[in-house]
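If you read the sequence shown in this note's numbering, its first letter stands for residue 1, the second for the next number, and so on.
Quick reminder that beta carbons are idealized off the backbone N, C-alpha and C, glycines included.
All of these numbers come straight from a predicted model, not from anything done at the bench.
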Amino acid sequence: MKPVAFEYARPASVAEALGMLAAQPGAKVLAGGQTLGPMLNLRLAQPALLVDITRIPDLAAVAEEREAVAIGATVTHAAIEDGRTPDPTGGFLARVARGIAYRAVRTRGTIGGSLAHADPAADWVACLAALGAQVEIAGPGGTRRVAAAAFVRGAMETELGEAELVTGVRLPRFSRRARFGFHKICRKVGEFADAIGVVACDPESAYYCAVAGATHGPPLVMELRAGPDGPKAMTAGEAAAILRTQRYAGDAYELKLHAAALARASQMAFSA
């Protein structure tokens, strides 16, 4: 298994990288390479140019703002897992990162690469949608932000336009009262999930969100209804009923998996 011949470039800035992408249609961006590497070897991807963005300082930066934290696209899963980046969720991001694949993968894989690849079963795709994050994008027309919940259109399909690049993720800060739940079902530890459930709730901002990930398309984002005492944990039956209202596309078995994952995530969040 060997890739086809390709040109390799390592730009020193975002502007230089964008120029390369614009000059060579079909070029691929290399960050951690944990997905692109195997795709190249299997010749599922055959770019004429590979643009390595790992030496661009701005993409590895983390900026703390009053109401948000901006994490650069090339920040690795391991950096988040180890607490080397500020966590506006009070530890939830580290918990999610800890469950991604294996440690060797986490030391190379990046948060931006995971989003750009847009595998529906990727942990960050569902997690960031539930947290109300925004994906920061740079392209020939300038910079823009897209809600993480809308960034992934379907399997391996995103809102990225021609010659555009994910430059980072912007996450809102949550209060100390915020609670989170994350549960994924997979056949073997380290594999992509068959079902993901994520719940995020912050009583101080009245933010209550649930997401079903690892579906056949984009993550299913649902706003949870809060009673006088706030939302309560769901049963699997209640979760299944909610998923049906979202035009869930899976079969009966898959519906049970996603309902179970969502119910367990809600139990983690609301029993804390």
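Residue of the options minimising C-alpha distance to residue i
i, options, result
"Gln246", "Lys232, Pro231 and Leu220", "Leu220"
"Gly132", "Ala150, Arg98 and Ala48", "Ala150"
"Ala104", "Trp124, Leu44, Gln34 and Gly154", "Gln34"
"His77", "Val62, Leu59, Ile53 and Arg108", "Arg108"
"Arg282", "Ile185, Met234, Glu204 and Gly154", "There is no way to answer for residue 282, as the model of the chain reaches only from 1 to 272."
"Gly190", "Met39, Tyr102 and Tyr208", "Tyr102"
"Phe148", "Tyr208, Glu223 and Ala126", "Rather than Phe, the amino acid found at residue 148 in this sequence is Ala. Of the listed residues, the one whose Cα sits closest to Ala148 is Ala126."
"Ala195", "Lys232, Ala240, Gly181 and Ala212", "Ala212"
"Ser114", "Glu81, Gly142 and Met156", "Met156"
"Ser13", "Thr235, Ala60 and Gly90", "Ala60"
"Pro11", "Met20, Pro3 and Val4", "Met20"
"Ile53", "Tyr8, Leu40 and Thr89", "Tyr8"
"Ala239", "Gly217, Gly154, Gly72 and Lys256", "Lys256"
"Lys188", "Gly99, Thr110 and Phe174", "Gly99"
Range of the contiguous alpha helix (DSSP H) that encloses residue i
i, result
"Lys256", "Ala252 to Phe270"
"Ala236", "Ala236 to Thr245"
"Leu30", "Element bounds for Leu30: not the alpha helix (DSSP H) but the beta strand (DSSP E), Lys28 to Leu30."
"Gly91", "Unbroken run through Gly91: none, as it is neither H nor E."
"Pro231", "Here Pro231 belongs to no alpha helix (DSSP H), and DSSP marks it neither H nor E."
"Gly37", "Leu36 to Asn41"
Cβ separation of residue i and residue j, assumed to be a contact under 8 Å, to the nearest whole Å
i, j, result
"Val51", "Ala17", "6 Å"
"Val199", "Ala129", "Contact flag wrong, Cβ pair sits at about 12 Å."
"Phe6", "Ala48", "6 Å"
"Val75", "Val62", "7 Å"
"Gly112", "Val166", "4 Å"
"Pro172", "Ala68", "5 Å"
Coil, strand or helix - residue i by DSSP
i, result
"Ala104", "helix"
"Gly132", "coil"
"Ile111", "helix"
"Leu165", "strand"
"Pro218", "coil"
"Gly142", "strand"
"Glu64", "strand"
"Val152", "strand"
"Pro25", "coil"
"Ile80", "helix"
"Arg98", "helix"
"Leu18", "helix"
Run of the beta strand (DSSP E) containing residue i, from where it starts to where it stops
i, result
"Ile71", "Ala68 to Gly72"
"Val51", "Leu49 to Asp52"
"His183", "Arg179 to Ile185"
"Gly213", "Tyr207 to Gly213"
"Ile196", "Ala195 to Asp202"
"Glu7", "Glu7 to Ala9"
Cut-off 6 Å between Cβ atoms - residues of its own chain near residue i, not counting five sequence neighbours on either side
i, result
"His183", "Gly197, Ala261, Arg264 and Ala265"
"Glu254", "none"
"Glu164", "Ile137 and Gly139"
"Leu40", "Pro3"
Contacting residues, own chain, Cβ-Cβ under 7 Å from residue i (five flanking each side not counted)
i, result
"Glu64", "Pro86"
"Leu36", "Lys28, Leu30 and Ala45"
"Arg55", "Arg10 and Ala12"
8 Å Cβ shell around residue i - same chain, five flanking residues per side excluded
i, result
"Arg145", "Gln134, Val135, Glu136, Ile137 and Arg170"
"Phe192", "Asp119, Ala121, Ala122, Cys186 and Ala214"
"His117", "Thr35, Leu36 and Met156"
"Ala206", "Ala226"
"Asp82", "Ala94"
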